[in-house]
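Undergrad:
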Amino acid sequence: MTRVLVVDDDPYLLRALRINLTAHGYQVHTATDAAGGLATAGRQPPDLAIVDLGLPDLDGIAVVEGLRGWSRVPIIVLSARDAEAAKVAALDAGADDYVTKPFGMDELLARVRAALRRAAPTPDAPVISTAAFTVDLAAKRVTGPDGEIRLTPTEWHLLEILARHPDKLVAQRQLLREVWGPQYQTETNYLRVHLANLRRKLEPDPARPRYLITEPGLGYRFVP
Numbered sequence: 060m061t062r063v064l065v066v067d068d069d070p071y072l073l074r075a076l077r078i079n080l081t082a083h084g085y086q087v088h089t090a091t092d093a094a095g096g097l098a099t100a101g102r103q104p105p106d107l108a109i110v111d112l113g114l115p116d117l118d119g120i121a122v123v124e125g126l127r128g129w130s131r132v133p134i135i136v137l138s139a140r141d142a143e144a145a146k147v148a149a150l151d152a153g154a155d156d157y158v159t160k161p162f163g164m165d166e167l168l169a170r171v172r173a174a175l176r177r178a179a180p181t182p183d184a185p186v187i188s189t190a191a192f193t194v195d196l197a198a199k200r201v202t203g204p205d206g207e208i209r210l211t212p213t214e215w216h217l218l219e220i221l222a223r224h225p226d227k228l229v230a231q232r233q234l235l236r237e238v239w240g241p242q243y244q245t246e247t248n249y250l251r252v253h254l255a256n257l258r259r260k261l262e263p264d265p266a267r268p269r270y271l272i273t274e275p276g277l278g279y280r281f282v283p
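If you want our numbering, it's the position in the sequence shown, counting the first as 1, plus 59.
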């Protein structure tokens, strides 16, 4: 599960962020000051951090700089300061994005998804070859022994996400969130239908998949 660290001294906003992020499948850790945020990050390194600039002990930029000292985790800064200088200072310190308060929760969740996509690990090579087919991530093409294998945009999106995380379990909720959006996170039947179609096109024996593996109740794994 993707871990998100939220550092903010506003108890109402902290609670709202915890509830919304948890509802969207994230594991949330919180802190109300800079020292607590850095300590929490040291104990349980997050996959993404959301940091308020107006903290009671130190400026939030100190948290950004502290995280950047040892981590490449995506950082989204929150602040009521809308001056350009404040944004520049946060970005120069190492933040990846800046959201001005007040903000819409849907916008923030979209920025979280975008930051995590940008930070997702990618294979060393853009071409992944198996004995049955080849996936070219750069060209967005799949080819087999008889030439190009036509995929629908949804099938390609699913395959691309799995291929960018080879041999790693990708949770059902993550796939649904990234392909269809957060409102579809419980529609697991969508995954069953489209993965079945992908297997028919890619697997030598779709009934006994070799490359697109189901982890029952958890998600899917691409095994090159």
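Don't be surprised by glycine CBs; every beta carbon is placed ideally from N, CA and C.
Please read all numbers here as calculations on a predicted model, not as lab measurements.
Given residue 329, which residues of its chain have a CB within under 6 Å of its CB, disregarding the five upstream and five downstream residues?
TA: The requested residue 329 does not occur in the structure, where the chain is confined to residues 60 to 283.
Undergrad: Closest by CA to residue 201, which one among 260, 109 and 83?
TA: Your numbering for residue 201 matches position 142 in the sequence shown. Nearest option by C-alpha distance: 260.
Undergrad: At 3 residues or longer, what runs of the beta strand (DSSP E) sit wholly inside the stretch 134–207?
TA: If we require 3 residues or more, the beta strand (DSSP E) runs fully inside the stretch 134–207 come out as 134–138, 156–159, 186–188, 193–195 and 200–203.
Undergrad: Helix, strand or coil for residue 273? Go by DSSP, reduced to three states.
TA: Locating residue 273 in the sequence shown gives position 214, counting from the first residue. Three-state DSSP puts residue 273 in a strand.
Undergrad: Give the straight-line distance between the Cα atoms of residue 272 and residue 253, rounded to the nearest whole angstrom.
TA: Within the sequence shown, the letter at position 213 stands for residue 272. Within the sequence shown, the letter at position 194 stands for residue 253. If you take the alpha carbons of residue 272 and residue 253, they lie about 13 Å apart.
Undergrad: Ends of the beta strand (DSSP E) at residue 132?
TA: Here residue 132 is taken as the residue at index 73 of the sequence shown, counted from 1. It is not in any beta strand (DSSP E) - residue 132 carries neither H nor E in the DSSP assignment.
Undergrad: Considering Cα atoms alone, identify which of 103, 116, 239 and 226 is closest to residue 61.
TA: For this step, residue 61 is matched to residue 2 along the sequence shown. Out of 103, 116, 239 and 226, 103 has the C-alpha closest to the C-alpha of residue 61.
Undergrad: Using the Cα positions of residue 231 and residue 116, report the straight-line distance between them to the nearest angstrom.
TA: To locate residue 231, count along the sequence shown from 1; it is residue 172. To locate residue 116, count along the sequence shown from 1; it is residue 57. Going by the C-alpha atoms only, they are around 40 Å apart.
Undergrad: Quick check: the stretch 106–121 against the stretch 63–71, are there 3 or more CB pairs under 8 Å?
TA: Cβ pair count under 8 Å is three or more, so yes.
Undergrad: On the premise that residue 218 lies in contact with residue 238, defined as a C-beta separation below 8 Å, what is that separation, rounded to the nearest angstrom?
TA: Counted from its first residue, the sequence shown places residue 238 at position 179. Counted from its first residue, the sequence shown places residue 218 at position 159. In fact, because the Cβ distance is near 11 Å, the residues do not count as touching under 8 Å.
Undergrad: In the stretch 65–126, which residue ranges form an unbroken beta strand (DSSP E) of at least 3 residues, counting only runs that do not cross its ends?
TA: As far as the stretch 65–126 is concerned, its whole beta strand (DSSP E) runs of at least 3 residues are 86–90 and 107–111.
Undergrad: I think residue 235 touches residue 229, with their Cβ atoms under 8 Å apart; what is that distance to the nearest whole Å?
TA: For the purposes of this step, residue 235 is taken as residue 176 along the sequence shown, with counting starting at 1. For the purposes of this step, residue 229 is taken as residue 170 along the sequence shown, with counting starting at 1. Wrong, their Cβ atoms sit about 11 Å apart, outside the cutoff.
Undergrad: Tell me the residue span of the alpha helix (DSSP H) that contains residue 217.
TA: As a first step, residue 217 must be located in the sequence shown, where it is residue number 158. Where residue 217 is concerned, the enclosing alpha helix (DSSP H) stretches over 212–222.
Undergrad: Which residues bound the alpha helix (DSSP H) around residue 282?
TA: Position 223 of the sequence shown holds residue 282. Segment: none, residue 282 is in no alpha helix (DSSP H) and carries neither H nor E.
Undergrad: Return the first residue and the last residue of the alpha helix (DSSP H) that residue 255 is part of.
TA: Start at 1 with the first residue of the sequence shown, and residue 255 comes out as number 196. Here the alpha helix (DSSP H) through residue 255 covers 247–261.
Undergrad: Less than 8 Å separating the beta-carbons of residue 133 and residue 191?
TA: Within the sequence shown, the letter at position 74 stands for residue 133. Within the sequence shown, the letter at position 132 stands for residue 191. Not closer than 8 Å, so no.
Undergrad: Buried or exposed: which applies to residue 78, given that a residue is buried once 16 or more other Cβ atoms fall within 10 Å of its Cβ?
TA: Residue 78 sits at position 19 when you count from the first residue of the sequence shown. Exposed, by the Cβ-count rule.
Undergrad: Here's a check: name, in chain order, each residue in its chain whose Cβ is nearer than 8 Å to the Cβ of residue 131, leaving out the five neighbours to either side.
TA: Translated into the one-based positions of the sequence shown, residue 131 becomes position 72. So the qualifying residues of the chain are 178.
Undergrad: Report yes if the C-beta distance between residue 120 and residue 149 is below 8 Å; otherwise report no.
TA: Stepping through the sequence shown from its first residue, residue 120 is reached at position 61. Stepping through the sequence shown from its first residue, residue 149 is reached at position 90. Contact: yes.
Undergrad: CA-CA distance, residue 93 and residue 129?
TA: Walking along the sequence shown from the start, residue 93 turns up at place 34. Walking along the sequence shown from the start, residue 129 turns up at place 70. Computed Cα separation, rounded: 16 Å.
Undergrad: Would DSSP call residue 236 helix, strand or coil?
TA: Taking the sequence shown and counting its residues from 1, the one referred to as residue 236 is at position 177. Of the three classes helix, strand and coil, the one that applies to residue 236 here is helix, per DSSP.
Undergrad: Consider the Cβ of residue 108: report whether some Cβ of chain C lies at a distance smaller than 8 Å.
TA: Absent here is chain C; the protein component of the structure consists of one chain.
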